[in-house]
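Residue numbering for the sequence shown follows our numbering, starting at 162 and increasing by one per position. Virtual Cβ for every residue (Gly too), placed ideally from N, Cα, C. Let me begin by presenting the structure, written as structure tokens, before commenting on it.
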Amino acid sequence: MEEAIQSSFLKLKNSIYYQNMKTIFYSWQSDLPNATNRTLIQQCLKDAVSEINDPNLEINIRVDQDTQGLSGSPDITQSIFEKIDNSEIFVCDISIINNDSEKRKTPNPNVLIELGYAAKTIDWDNVICIYNTAFGEIDDLPFDIKQRRILTYNLSQGEDKSSTRSSLKKNLISSINRILDSGEPKLKRELLRIFNDINPEIIMLVKGGQKTISININNLHTSELYKHSINKHFKEVIEMIPNRNTLGNNTCNNGGLNDKGPGQLDGYNFTFKGEW
162 MEEAIQSSFL
172 KLKNSIYYQN
182 MKTIFYSWQS
192 DLPNATNRTL
202 IQQCLKDAVS
212 EINDPNLEIN
222 IRVDQDTQGL
232 SGSPDITQSI
242 FEKIDNSEIF
252 VCDISIINND
262 SEKRKTPNPN
272 VLIELGYAAK
282 TIDWDNVICI
292 YNTAFGEIDD
302 LPFDIKQRRI
312 LTYNLSQGED
322 KSSTRSSLKK
332 NLISSINRIL
342 DSGEPKLKRE
352 LLRIFNDINP
362 EIIMLVKGGQ
372 KTISININNL
382 HTSELYKHSI
392 NKHFKEVIEM
402 IPNRNTLGNN
412 TCNNGGLNDK
422 GPGQLDGYNF
432 TFKGEW
């Protein structure tokens, strides 16, 4: 059982090794003119990412969308959901697509589905909603969306795009950097998932009389830029482990860095101790 716990942690190696490689998933709609929405937002997003990316800081962001890059005839819905799962940031166009309708106004339904999925899996904190007010008012949005932070711009068909592109790119850079500065959301989600998976096994070992469980992850070789972020998330997630304080008098979990010099994090040690 202890080997199974160790195996679960070894799966983190790739996640940690590639911390500098991040993905933004872009959910677009084609109901409105491409020039005012889909391609405009796409270009602004690419320009923003190009400006943020910096080899010297080991920041490498790419923009993904729909089934781009997939071969064959994949299940579109499942493929998109999997891409969202593996993204750090979700960007979507929630502009109203039926402003002339006398019925309830709405963004693109597929975008709303993807937005709901992203909010559940990667959290609202990592979602960027964009809205073209030339096609509707913010109040036209569903109540649980319009109360969120939304990037807005106003561009109708045929209007000059230069100033809009400049301001939207600037706002995207600010929003993306704010999310990146908040930490490493995908790593933290993966850590919490693994801890939740192995928690019952740890409890069984401790209840079976085992006083100490040691777990080591070696040769992580991540950069200086992410070393302290990784350490922070390991410790944060440990605090979130269910039942960590319910066995006997106390169950304490200690994690420590194996730091082998500037720029390198060699490994991580965990010790679970039961006191009762």
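According to DSSP, which residues form a beta bridge with residue i?
i    : result
V210 : Partner(s): none; V210 has no beta bridge.
F251 : F186 and V288
V224 : I185
L276 : DSSP lists no partner for L276.
I311 : C290
Hey, would you say residue i sits closer than 7 Å to residue j, going by beta carbons?
i    : j    : result
D254 : N315 : no
C205 : R339 : no
N293 : S256 : yes
T282 : D227 : no
A295 : V288 : no
R223 : T184 : yes
D192 : N269 : yes
What first and last residue would you give for the beta strand (DSSP E) that runs through residue i?
i    : result
T184 : M182 to S188
I340 : Careful: I340 lies outside any beta strand (DSSP E), inside the alpha helix (DSSP H) at S323 to D342.
I257 : Counting along the chain, I257 falls outside any beta strand (DSSP E), and DSSP gives it neither H nor E.
Relative to the C-alpha of residue i, which residue among the options is closest?
i    : options                   : result
F242 : Y187, A196 and S336       : Y187
Q190 : I258, N247, T238 and V224 : I258
N195 : T184, Q318 and Q308       : Q318
V272 : C290, S324 and N260       : C290
I250 : D301, E320, S323 and W285 : W285
G297 : S234, I274 and S262       : S262
D225 : D300, T282, M182 and I311 : M182
P303 : N260, I202, R265 and N221 : R265
Q239 : I274, R309, V252 and N260 : I274
T200 : D342, S336, K322 and D236 : K322
I337 : K244, P235 and L312       : L312
L341 : D300, S248 and D301       : S248
L276 : S343, R309 and Q229       : R309
N202 : N221, V252, S234 and K244 : Note that residue 202 is Ile in the sequence shown, not Asn. That would be V252, whose Cα lies nearest to the Cα of I202.
Flag residue i as yes if its beta-carbon sits less than 7 Å from any beta-carbon of chain D, otherwise no.
i    : result
T197 : The structure shown contains no chain D; it holds only a single protein chain.
Along the alpha helix (DSSP H) that carries residue i, what are the first and last residues, could you check?
i    : result
E320 : Taken as a continuous stretch (DSSP letters only), E320 belongs to no alpha helix (DSSP H), as it is neither H nor E.
F242 : I237 to D246
Please find out if some non-hydrogen atom of the ligand COA comes closer than 6 Å to the beta-carbon of residue i.
i    : result
S211 : The model depicted lacks the ligand COA and carries no ligand whatsoever.
Would you call the segment 204 to 212 and the segment 327 to 345 touching, i.e. three or more CB-CB distances under 8 Å?
yes
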